[in-house]
Amino acid sequence: MLTGFGLICLLIAAVAAWLAHVTRAEARASRQWPTTQGVITRCDLTVRELDSGNEHKLEVAYTYTVGGATYDGDRIGPGGSPAFSTAQLARPVADKYATGTAVKVWYDPQDPAISLLDPNEEGPYAARAGIAIVVGALGLLAVLLDLSGCVPG
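In the numbering used here, the protein residues as written are 8 to 160.
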């Protein structure tokens, strides 16, 4: 019985680890991307009620030009847009990206439609890595306990 639970945990851990790796890899690569100037066209701070409290999510949109073509972007960092536990934490970041603000935009030279505003903002990388470690350890423990016969079943 624990083996099935453990295998599900290991699968979840593998997905979380893969997502963390992809986010970190894009963060590293994007630091080398060329930059251009852009303008923030929208900045909204939305609030979502969760069981653990409110989540304040910053959503931005911006335009930028590369090689004469105009593109639209909506990502702050490789992990997407940041979320905050309080409005006090979110407000300074929202002010930084106020509508009409000129910003530096990093774009993928292979596909200029892929862009972000802050290659150092890895967003949920740490959370994804933490989930992978904790859930993976729990899954491994469950499998080992079941296989060792320590748990009656």
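Beta carbons: idealized from backbone N, C-alpha and C, even for Gly.
Because the structure is a prediction, the values reported are computed rather than measured.
Residue interval of the beta strand (DSSP E) (run including residue i)
{"i": "LEU57", "result": "42-57"}
{"i": "ASP125", "result": "Segment: none, ASP125 is in no beta strand (DSSP E) and carries neither H nor E."}
Beta-carbon spacing of residue i, residue j below 8 Å
{"i": "TYR78", "j": "VAL110", "result": "no"}
{"i": "PRO85", "j": "ALA20", "result": "no"}
{"i": "GLY45", "j": "ALA149", "result": "no"}
{"i": "THR30", "j": "VAL112", "result": "no"}
{"i": "VAL67", "j": "ILE83", "result": "yes"}
{"i": "THR10", "j": "LEU154", "result": "yes"}
{"i": "ALA36", "j": "VAL142", "result": "no"}
{"i": "CYS50", "j": "ALA101", "result": "yes"}
Reduced DSSP secondary structure (H/G/I, E/B, other) of residue i
{"i": "VAL72", "result": "At residue 72 the sequence reads Thr, which differs from the Val that was named. If DSSP states are grouped into helix, strand and coil, THR72 belongs with the strands."}
{"i": "GLY87", "result": "strand"}
{"i": "GLY60", "result": "strand"}
{"i": "CYS16", "result": "helix"}
{"i": "ARG38", "result": "coil"}
Limits of the alpha helix (DSSP H) - the one that residue i falls within
{"i": "LEU96", "result": "94-103"}
Opposing strand residues paired with residue i [DSSP bridges]
{"i": "LEU65", "result": "LEU52"}
{"i": "ASP79", "result": "THR70"}
{"i": "VAL110", "result": "GLY45"}
{"i": "ASP115", "result": "ASP118"}
When the options are compared against residue i, the one with the closest alpha-carbon
{"i": "ARG38", "options": "ALA105, LEU52 and PRO126", "result": "PRO126"}
{"i": "GLY107", "options": "THR48, VAL22 and LEU18", "result": "THR48"}
{"i": "ARG98", "options": "SER88, LEU65, ALA76 and ARG55", "result": "LEU65"}
{"i": "ALA94", "options": "LEU124, ARG55, VAL142 and VAL22", "result": "ARG55"}
{"i": "LEU123", "options": "ALA144, LYS103, GLY87 and ASP102", "result": "GLY87"}
{"i": "LEU18", "options": "TYR114, GLY156 and ALA144", "result": "ALA144"}
{"i": "TRP40", "options": "PRO116, ALA120 and ILE140", "result": "PRO116"}
{"i": "ASP118", "options": "GLY80, SER59 and LEU152", "result": "GLY80"}
{"i": "TYR71", "options": "ALA90, TYR114 and GLY146", "result": "TYR114"}
{"i": "LEU26", "options": "GLY146, LEU151 and GLY137", "result": "GLY137"}
{"i": "ILE15", "options": "PHE91, GLY60, LEU147 and SER92", "result": "LEU147"}
{"i": "GLY60", "options": "ALA76, ALA105 and ALA90", "result": "ALA90"}
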